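For the sequence shown, my numbering assigns the number 973 to the last residue and increments by one with no breaks. Each residue gets a CB set at the ideal place from its N, CA and C atoms; glycine is no exception. Note that this is a predicted model, so its numbers are computed, not measured. Taking it in order: structure first as structure tokens, then the write-up.
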Amino acid sequence: MNIPMAKAKAQLSELVKRAQAGEEIHLTRHGEIVATLSAPARPGGSKGLFGALKGQIRIADDFDELGPEWDEYIK
899 MNIPMAKAKA QLSELVKRAQ AGEEIHLTRH GEIVATLSAP ARPGGSKGLF
949 GALKGQIRIA DDFDELGPEW DEYIK
């Protein structure tokens with residue numbers, strides 16, 4: 899929805915309600931969009947990269963132990 903700034907000032911409470919309901923409100927000045935009113939992103943909607951695979955990957959207890967094939971290189 900596009901709405902001129904002058905009208906938006908008079909209807910701000912209603913516009914905020916509509917934005918909370920998921921509608922994106924574009925504020926215009928002289929027909930050009932100058933700002934957008936929308937609801938904030940919901941927490942938990944997008945996990946960050948860190949910890950995204952928690953519980954999905956298992957590391958073996960001996961992952962850092964070298965096998966016998968490395969014995970000749972370590973002497």
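Report the residue from the options whose alpha carbon sits nearest the alpha carbon of residue i.
i	options	result
Arg-927	Asp-969, Arg-956, Pro-966, Ala-904	Ala-904
Pro-938	Gln-918, Leu-951, Ala-906	Gln-918
Taking only three categories from DSSP, how would you classify residue i?
i	result
Ile-957	coil
Pro-966	helix
Ala-950	coil
Which residues in the same chain have their Cβ closer than 8 Å to the Cβ of residue i, if we skip the five residues on either side of it in sequence?
i	result
Glu-922	Met-899, Thr-934, Leu-935, Ser-936
Any chance the CB of residue i is under 6 Å from a heavy atom of the ligand ZN?
i	result
Leu-964	Because no ligand of any kind appears in the structure shown, any question about the ligand ZN cannot be addressed here.
>> Does the stretch 919–934 come into contact with the stretch 899–906, if we say contact requires no fewer than three beta-carbon pairs (one atom in each stretch) closer than 8 Å?
In response: yes
> In chain order, which alpha helix (DSSP H) runs of at least 4 residues are fully inside the stretch 906–931?
Replying inline: 910–918
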